[in-house]
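**Student:** The numbering of the sequence shown is this note's numbering, which starts it at 2 and goes up by one.
Using N, Cα and C, we set each Cβ at its ideal position, and we do this for glycine too.
Can you read through this structure? Questions will come right after.
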Amino acid sequence: HCLPAAHRVSQLSTSTMVMVRPVRRSARSAAGIPP
Numbered sequence: 002h003c004l005p006a007a008h009r010v011s012q013l014s015t016s017t018m019v020m021v022r023p024v025r026r027s028a029r030s031a032a033g034i035p036p
């Protein structure tokens, strides 16, 4: 099936934010910055 490009982009950005958020938090805590 062919998904609309807008839906695909929103899905991709959502999954990217879900993956990036914990990484950014752990990086900040590793740097000694409170969350």
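1. Have a look at residue 19 and residue 3 and give me their C-alpha separation to the nearest angstrom.
2. Using the C-alpha atoms, what's the distance from residue 8 back to residue 17?
3. Which two residues bound the contiguous alpha helix (DSSP H) that contains residue 23?
4. Give the straight-line distance between the Cα atoms of residue 15 and residue 21, rounded to the nearest whole angstrom.
**Tutor:** Taking the definition as stated:
1. 24 Å
2. 14 Å
3. 6-31
4. 10 Å
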